[in-house]
Structure formats: C-alpha cells, structure tokens
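Report on the structure given below.
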Amino acid sequence: MSRKAISNARGPASGSTTSAALPGLSSDDMCPVCKTIRYLNKDMEFLIHPDCYHFMCSNCVNRIFNDGPNQCPYAGCHRTLRRKGFRSPFFGDLTVEREVDIRRRVAAVFNQHEEDFKTLRDYNNYLQMVEDLTFELVSGTEAQRRSAEAQLQHWEAEHKADIERNRKAGREADEASHRRIAAEREAARQRRIDAIKEAEEEKLERARTREAELDTLASAPEGQRAGGVQLKRRVQVNRAVEAAAAANTGSGVPGAGAQPPIITKLSIQGLKEKRKPPAPEGPYDPFGGMDFVPSRYKLHDGLVHPDVDKYRFDWAHATGGYSFDDYTARAMFEAFAGLGVFIEDEKEVGIGLSASEVAAMSAGIAAVGDKMELD
Amino acid sequence: MAASPFAVDALKQSAHAIGNGNNSSSSSTQRPLGAGPATLDLVEQMNEDEKKKYVKGKKLGEGTYANVYLGHARHDPSLLVAIKKIKVQKEYRDGMAPDAVRELTHLQELRHPNIISLLSAFSSKDQNLNLVLEFLPLGDLEMLIRDVDRVRYGAGDIKAWMGMLTRAVWFCHDNYVLHRDIKPNNLLIAADGEVKLADFGLARGFADPGQRMTANVITRWYRPPELLYGARHYSGAVDVWSVGTVFAELIIRTPYLPGDSDLDMVRLICRAIGTPTEDNWPGVTSLKEYTAAGDVHPVADKATYMNRFGSVGPEGVDLLMRTLILDPRKRITAREMLEHKWWRTDPRPTRKEDLPRKSGGGGEEKVAADLKRRPGVVDDDGKAKVARKLDFGGAIGGSK
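If you read the sequences in order, they're chains A and B.
Per UniProt numbering, the first sequence starts with residue 1, numbered consecutively.
Per UniProt numbering, the second sequence starts with residue 1, numbered consecutively.
Okay, structure coming up:
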C-alpha cells in the first residue's frame, strides 16, 4: 500500500486524453490545483478520478465537487467529474493505476473459461483477441481506443447473461476454494494438536514404563532376570505404541478423505467439452414433440364391418382386452400408408433420410402384409 | 446399386420363404440360373456391400442365443455399433429363428429416440444373421435399480425414465406393434442418458380380430393377469401392465411381483393388487387358465399404494394404479399415460444429461448380456430359468 514516489512529470496533463503521459504522484508533494504542500497540511491525501486520472488533494475535491458535478480543474481537461467517483490511487504510478483499472474492467466482461471452448486453439485465439483489445484501450491511439471501447460495450450488451453466469460461477469457485483452504488449515491445526498430544502421551508412557521397570528391578531377586524382564517390557510397550500409531493413522484417513478433493479441471473438462447453450426449457412435453394424428383421414368412432362385428361381442376378445378401436385405426392406417410417399423424390432430395432408410421404409411398406404370417 | 444396399430386403425375402414353407433354402443359396458360380448375384452383392460398411471388433459377450460384438463403421471409427450375431439354432436349422425375424421386422420400421435403432443387418458366413444396432454403453436400468449402495435417484429421475419408457411404448403402440417383453433389462441407456427400449425378439404387430396370439410372452414378473390366465386376444394393455411393474420396481428398487411360477404370480397379484373377480373384471372366470388362489382379496385402495409408493407423490401413485388395473379394458393406454397430470407436477423430470448413471464401467458387459439373452426370460442365478410354458402342475408340486 506504500506509495512510492517514482515520479516527476508533474503539473497539469496536456490534452484530455488519458492515454497521454500522466502526472506522477508523490506523497510529500504539492497539490497541483491549490499548490498546498505537505508541510502545511500533514494529512494531505491525493485523490484521482478514473475518468482522467488527474490527481488533486482531498480538500480541492471537496471544495470543487461538493456542490455537484464540475469540470476537472486541470487546464485543458474538460471532463465533468463527480465527487463520488474520486478515490485514492493504489499505485504510485498513475499509468499503472489506469492500466490496472482497464484490465480489471475488460476481465470482468471477458470472463470466459477454458472449459467454454471447444479446443485449446479457440481459447488461445480468444485470449489473444482480449489482449489486443486491452492493449488498444491502454495504449492505442485515440481512434483505436474509441473503437475498442465500442467493441467492449457491444460485447457487454450482447452477452449480458453469459457474463453474469460466468461471474457467478467464478464467485462460487472462489468461495469453494476459500472453504477448501479453510478446511485444510483446520485439518493442519488438528494435526498439530494431535501431534502435541501424542508427544505428551509418549512422554507419560515413557515415565510409566520407567517406573514399572524400577518396580520390577526393586522386586526382582537377581539382576540377570531383571534384565530379561526389562527387555520384554520394552518390547511390549513398543508394540502397544505401534498399535496405537496404526490406529491413529487408520482413523486419520477418513478425516482426510472428508476434505473436498482438489479437482484438476483442466485435464478432464477442458478442451473437448462443447458449451451447452442456456436453452430456455419449456414445459415438459411427455410426448417428446411427436404426434400421430392421421392427416389424410379422420377416424370416427364405431366403424362397423360385418367381419369384425361378429367378434365384437365375443367373450374371449372382450375379456382379454382386445381393442377394436386399435383394429380400425390400424386398418385405416394401413389403407393409407405410403400414400404421398415418392421414394424417387426422397432419394433425390434426401430429406434427412439416408438412402438405406428410404429403402427400409419402402421395404416396411411392402412388408405390411407379410408381417402377419410370421407369428 | 450403392443407393439402396439395405440387406434387410434380402433377409426379408428369406424370412418370407420360411413363412411360405419353402424352407429348404435361404436367400444366398438361391442363385439365378443365368449367373455363373464365380459371380455373386444381386442379393449377395448387396449383402457384401452392407457387411463391408462395418468393422467387427472385440467380442463383448457370448450366449446360447447370440454373440455380441463391439464394432464401428468403416468410414468413421468413432461411430460405435453393437453387432448382434444370432446363432443358427438347432430347432430352426432350416431358416431364421422367429426371435430374429420379429426383431428384424419391427426394429427396422420403428425409429424413435427411445427405441434402439437398427442400423443395418447382413448375413455372414454359415448363414449367421448379424444385426447392427446402435451401441449403448451405459448398461441398463436394472443395473441402476439393483445397485442400491452406489446409485441414488429421486422422484425426478424416476419421472424422466418413466417418461422415456412410456414414450417408447406409446410409439410402438401407435405404430401397431406390441413389444411383449418390457422389463428393466431391456431398457438400455445411451451415452447421453437416454433410455432406449431394446430386444424386440417377442414383438409382433397388432392382431386382427379372430386371430389368436400366444399367451406365452413377457417375462413372468412383468406379465399381466390376462396373459397368466391364457387370454389369446389382447392389446397394448399387456405392455402397459409391464410398464406399471417397471414403474413400481423403479420406486421400491426390487421386483414388485417376483413370482417363481405362474401360479405364484397369480397369488402375488391377488395379494398385492386384488383378486380378479367377475365384479372387477367381467368375464374373467371364462378365461382358460383362470384360477383364484385362496381367499378373495379386495382390490387395493390408494392408501395401500401410498404406503409403498408414496415417494412419487399422489399423482404418481394414481398413474401407477391405473397401469395396474386388473381388467385390461379399463387399464390406462400408453397415450393416456402420457396425458396424465403426473408429468406436469413437481418435481420436473430430470434432464437426461443429469440422470444418475453407474460409474466404474460394467455397462458394456451388461449390454452384451442383455442383447445375447433369449427374449422372455430373466437371469435368475441358481434358480431354474423362467419356463416358457405355463406349467401349473409342476409349480404346485415344486412349491408345496
């Protein structure tokens, strides 16, 4: 946050273009508007406005802009500024400040991710395009700047929804990574606590063992045997410690597993994934957009034919659920099937059908009669 | 010639030959008299052309009925296909097996996003029939239903799957085809999550009045009461019952009516849904195989269903009850199912990309297993395979 005094070229910037060399900012210097120097005003703070990046002290800002919008006091700068827009610059070099602002703004608009592109090449082309645009905005000529600005605004207006969605996604990803980092930190803290606890327990255990050894030594009649006992005990204790350690690591594993795994997005989702259009979903259509209402004839209820009617009151047909409506519908369908279909035409035009499909259709039409013989 | 080399035409001719009783030869042995032995006749040439379009890859599975291979189109190696090579069967040595004929005749005419598409068919050496089907790598619905530990799904997912299944059945019925073997095994899942109805080995067109159909279809657990009672004249209602049992299975994640014999099936239906009587199904007692096991159970009311299937909401339960109405005349049709309110109530069906799928593979093998299976049976490890004949006597003897 320290403002380093890099600069020199002070005084009113010439011309209104912000791409011209901007005045440097120095903390112990003079306000170019009221000529107050830091010696007189210890708390002097310089502010800039991101429209023209001309700096002045906060007193001047208050004085000039408190009563509403006013012109920039720099000679030759005719921008109308408002009090609200002033802020203290982050960088000492105002050229850098301006470039950072522009980049931030461009990045907010062009916030596509690599996953959004079909191939890496497309993504790289996009990055190149964005960089060109940014460069023109930062250090292009007046005309370039204007056209780049127009492009940017056009894009922003056009892709508002996309930008908003990406922004949201970005924020979510940020939050997720924050959470992950917090979880990791918490896990590390837990591990540290566990380690301390373990060390303490070990110390206690060692003290206990020692005590026990001393006891056995005290109660043992011979030194030789005592040595054996000591050895045995040590082995036992070591084993117990090992078992405990194993149990610890065992219980540690699910804890580590609970952390969200770090997803390496690049390798999986990246390149081939095609971007799905947002596709506004209509109401669910159970029929999947199909309908088979016959177009060439109309089905009436109660079509009668003597050959059919003798079965109509047959119990075997009725109880089994045989549907005479289906039969009449099918009879009509078969009578009209193939009308208006000209295979030659379809072969030439190829209305979404391959030749084999056309052939299959013709075979199907021809086969209507045969079908019944088979079963 | 390259314009329409769909070898199905050729195969259909041979199928036709069987139908006419002219069964001593199949198409590729019928050579026109004029053609010399060295040159291929037109049909053979078409068959060769079709065969050359696909490259057969590794074997995905082998069964008694068919072998399944992974393959791809010759012009585009990324276009994967499953090639189902139907074995020459002993019983049908003189022609094609009826399963294959059924599958071929109906699949080639039905084109719908929820029905497996038949891309091509050709015969290879030894007169083996090869069906080129689209490759569906993500296994079947049964796999998802059974994997209770690793696969979780909710009401929205069930609705999405049911929507796709019902659309497929509706499409078949509106094109006058009965599928007659709907079960979770036969609902394969495409790479994008779309459920596709497969295995048309028992399918047939709607029958004319007076024409008898066999009652011996549909895997037993999904078989409706009219077929269990031996009805020979039925309609799309049989498929709707199967859809209903699949719906119930999706909710409770275990087969709803897992009868181990036809008699046991009747008993389960009586207990779970209600005993068919003259009151709720006029004329039922006149059906050939009618039996009512034990006491008469009243038809289950909505509260009973709500207890078990409440997770899909009252509308969903209403739809389920309508698909499981005993009397096939009163049962809801596939079209009416799609018009039901349930599809429009919350939750909205999950988008197919977001549907749960089983991770960790196994899909390929499962698909291969589904495709090579003989139609109309479930794989029941240990237990005897589901009989294809009604056998009440044996069932009584076995269960007592």
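We put the CB at the ideal spot given by N, CA and C, even for glycine.
It should be emphasised that the depicted structure is a prediction, and the values quoted were computed from it without experimental measurement.
Using a Cβ cut-off of 7 Å, pull out every chain B residue sitting near residue 447(A), in sequence order please. No answer is possible for residue 447(A): the residues shown for chain A start at 1 and end at 375.
Please confirm if the segment 325–332 of chain A is in contact with the segment 193–211 of chain B, defined as three or more CB-CB distances below 8 Å between the two stretches. yes
Alpha carbon of ASN66(A) to alpha carbon of ARG167(A), nearest angstrom: For the purposes of this step, residue 66(A) is identified with residue 66 of the first sequence, where counting begins at 1. For the purposes of this step, residue 167(A) is identified with residue 167 of the first sequence, where counting begins at 1. For ASN66(A) and ARG167(A), the distance between alpha carbons rounds to 35 Å.
Evaluate LYS366(B) with the Cβ neighbour count: other Cβ atoms within 10 Å of its Cβ, from every protein chain shown; 16 or more gives buried, anything less gives exposed. Here the question's residue 366(B) lines up with position 366 in the second sequence. LYS366(B) is buried by the Cβ-count criterion.
Please name the residue in ARG83(A), HIS78(A), ARG191(A) whose C-alpha comes closest to that of SER58(A). Position 58 of the first sequence, counting from 1, holds the residue named residue 58(A). Ranking the options by Cα distance to SER58(A), first place goes to ARG83(A).
Tell me, to the nearest whole angstrom, how far the beta carbon of GLY320(A) is from that of PRO282(B); I am working on the premise that it is less than 8 Å. One-based indexing of the first sequence puts residue 320(A) at position 320. One-based indexing of the second sequence puts residue 282(B) at position 282. About 12 Å separates the beta carbon of GLY320(A) from that of PRO282(B), a gap too long to meet the 8 Å contact definition.
Of all the options GLY71(B), ARG180(B), TYR222(B), SER286(B), which has the alpha carbon lying nearest to the alpha carbon of PRO255(B)? Taking the second sequence and counting its residues from 1, the one referred to as residue 255(B) is at position 255. Checked all of GLY71(B), ARG180(B), TYR222(B), SER286(B); the closest Cα to PRO255(B) is TYR222(B).
Candidates GLU172(A), PRO32(A), VAL138(A), ASN124(A), of which the one nearest ARG104(A) by Cα: Residue numbering aside, residue 104(A) sits at position 104 when the first sequence is read from its first letter. Out of GLU172(A), PRO32(A), VAL138(A), ASN124(A), VAL138(A) has the C-alpha closest to the C-alpha of ARG104(A).
Please check the pair LEU131(B) and LEU104(B), which I expect to be a contact at CB under 8 Å, by giving their CB distance rounded to whole angstroms. Here the question's residue 131(B) lines up with position 131 in the second sequence. Here the question's residue 104(B) lines up with position 104 in the second sequence. Sure, about 7 Å apart at Cβ, within 8 Å.
How about TRP161(B) and LEU250(B): do their beta carbons lie closer than 8 Å? For the purposes of this step, residue 161(B) is taken as the residue at position 161 of the second sequence. For the purposes of this step, residue 250(B) is taken as the residue at position 250 of the second sequence. Taking 8 Å as the Cβ cut-off, TRP161(B) and LEU250(B) qualify as a contacting pair.
Could you tell me whether the segment 218–233 of chain B touches the segment 306–319 of chain A, where touching means 3 or more Cβ pairs closer than 8 Å? yes
Quick one: does THR286(A) have its CB under 8 Å from some CB of chain B? Within the first sequence, the letter at position 286 stands for residue 286(A). Reading off the sequence shown, one finds Pro at residue 286(A), where the question assumed Thr. Interface residue, yes.
With 8 Å as the C-beta to C-beta threshold (strictly closer), list the residues of the segment 227–246 of chain B near chain A in chain order. ALA231, ARG232, HIS233, TYR234, SER235, GLY236, ALA237, VAL238
Please state whether the Cβ-Cβ distance between TYR65(B) and LYS58(B) is less than 8 Å. Taking the first residue of the second sequence as 1, we reach residue 65(B) at position 65. Taking the first residue of the second sequence as 1, we reach residue 58(B) at position 58. In this structure, LYS58(B) does not lie closer than 8 Å to TYR65(B) by Cβ.
On the DSSP bridge assignment, give the partners of PHE122(B) in chain order. The residue labelled residue 122(B) in the question sits at position 122 within the second sequence. Answer by DSSP bridge pairing, in chain order: ASN130(B).
Of the listed residues GLY170(A), VAL61(A), PHE110(A), nearest to ARG74(A) (C-alpha basis): Counting from one through the first sequence, the residue named residue 74(A) turns up at place 74. For the record, residue 74(A) in the displayed sequence is Tyr; it is not Arg. Of the candidates GLY170(A), VAL61(A), PHE110(A), the one whose C-alpha sits nearest the C-alpha of TYR74(A) is VAL61(A).
Which of the three DSSP states is assigned to ASP72(A) in this structure? For this step, residue 72(A) is matched to residue 72 along the first sequence. According to the sequence provided, residue 72(A) is Cys. The question's Asp does not apply to it. When secondary structure is reduced to three states using DSSP, CYS72(A) falls in the coil class, being assigned neither helix nor strand.
What would DSSP say about ILE252(B), mapped onto helix, strand or coil? In the second sequence, residue 252(B) corresponds to position 252, counting from 1. The answer is helix: DSSP assigns ILE252(B) an H, G or I state.
Under a three-way DSSP split, which group does LEU214(A) fall into? Within the first sequence, numbered from 1, the residue matching residue 214(A) stands at position 214. Collapsing the DSSP output to three states places LEU214(A) in a helix.
Kindly list, in the order they appear in chain B, the residues whose Cβ is closer than 9 Å to that of ALA318(A). As a position in the first sequence, residue 318(A) is number 318, starting the count at 1. Correct list: HIS233, PRO282, GLY283, ARG329.
Along the alpha helix (DSSP H) that carries HIS106(B), what are the first and last residues, could you check? Looking up residue 106(B) in the second sequence gives position 106. Membership of HIS106(B) in the alpha helix (DSSP H) is indicated by the continuous run 98–107.
Going by other Cβ atoms of all chains shown within 10 Å of its Cβ, with 16 needed for buried, is PHE86(A) buried or exposed? Residue numbering aside, residue 86(A) sits at position 86 when the first sequence is read from its first letter. With 16 or more Cβ atoms within 10 Å of its Cβ, PHE86(A) is classed as buried.
ASN307(B) versus ALA331(A) - alpha carbon distance: Numbered from 1 along the second sequence, position 307 holds the residue referred to as residue 307(B). Numbered from 1 along the first sequence, position 331 holds the residue referred to as residue 331(A). The alpha-carbon atoms of ASN307(B) and ALA331(A) are separated by roughly 44 Å.
Between TYR39(A), GLY140(A), GLU198(A), which has its C-alpha nearest ILE102(A)'s C-alpha? Within the first sequence, numbered from 1, the residue matching residue 102(A) stands at position 102. Comparing Cα positions, the closest option is GLY140(A).
Compare the beta carbon distance of PHE342(A) and TYR297(A) with 8 Å and say whether it is the shorter of the two. If you number the first sequence from 1, residue 342(A) lands on position 342. If you number the first sequence from 1, residue 297(A) lands on position 297. Cβ distance not < 8 Å, so PHE342(A) and TYR297(A) don't count as in contact.
Would a check of beta-carbon distances place LEU338(B) closer than 8 Å to chain A? On the second sequence, residue 338(B) is found 338 positions in, with the first residue counted as 1. Closer than 8 Å to some Cβ of chain A, the Cβ of LEU338(B) qualifies, so yes.
Proximal chain E residues relative to PRO255(B), where beta-carbon distance stays under 9 Å: No chain E is part of this structure, whose protein chains are labelled A and B.
MET129(A), buried or exposed, once every other Cβ within 10 Å from all chains shown has been counted against 16: As a first step, residue 129(A) is located in the first sequence; it is residue number 129 there, counting from the start. The residue in question, MET129(A), is exposed, as its Cβ has fewer than 16 Cβ neighbours within 10 Å.
Beta carbon proximity, TYR176(B) to chain A, threshold 8 Å: Numbered from 1 along the second sequence, position 176 holds the residue referred to as residue 176(B). So, interface residue.
Just mark LEU228(B) as buried or exposed, buried being the case when its beta carbon has 16 or more other beta carbons within 10 Å. Taking the second sequence and counting its residues from 1, the one referred to as residue 228(B) is at position 228. Buried, by the Cβ-count rule.
Is VAL100(A) close to chain B? Criterion is C-beta to C-beta, closer than 8 Å. Taking the first sequence and counting its residues from 1, one reaches residue 100(A) at position 100. No - not a single Cβ of chain B is within 8 Å of the one on VAL100(A).
Coarse secondary structure for MET372(A), derived from DSSP in three states: For this step, residue 372(A) is matched to residue 372 along the first sequence. Interpretation of MET372(A) is limited by its pLDDT of 38, a score under 50 that renders its predicted location unreliable; the figure taken from the coordinates is listed afterwards. For MET372(A), the secondary structure class from DSSP, reduced to helix, strand or coil, is helix.
Which of the three DSSP states is assigned to ASN67(B) in this structure? As a working mapping, residue 67(B) is identified with position 67 in the second sequence. Reduced to three states, the DSSP call for ASN67(B) is strand.
Taking all protein chains shown into account, do 16 or more other C-beta atoms lie within 10 angstroms of the C-beta of GLU339(B), making it buried, or fewer, making it exposed? Working through the second sequence from its first residue, we reach residue 339(B) at position 339. The residue is exposed, with fewer than 16 neighbouring Cβ atoms inside 10 Å.
Cβ pair TRP342(B), LEU324(B) closer than 8 Å: Sequence index remark: in the second sequence, residue 342(B) carries index 342 (1-based). Sequence index remark: in the second sequence, residue 324(B) carries index 324 (1-based). Against a cut-off of 8 Å, the Cβ pair of LEU324(B) and TRP342(B) comes out as no contact.
Which residue wins for smallest C-alpha separation from ARG348(B), given the options PRO286(A), MET30(A), ALA148(A), GLN71(A)? In the second sequence, counting from the first residue as 1, residue 348(B) sits at position 348. Closest option to ARG348(B), Cα to Cα, is PRO286(A).
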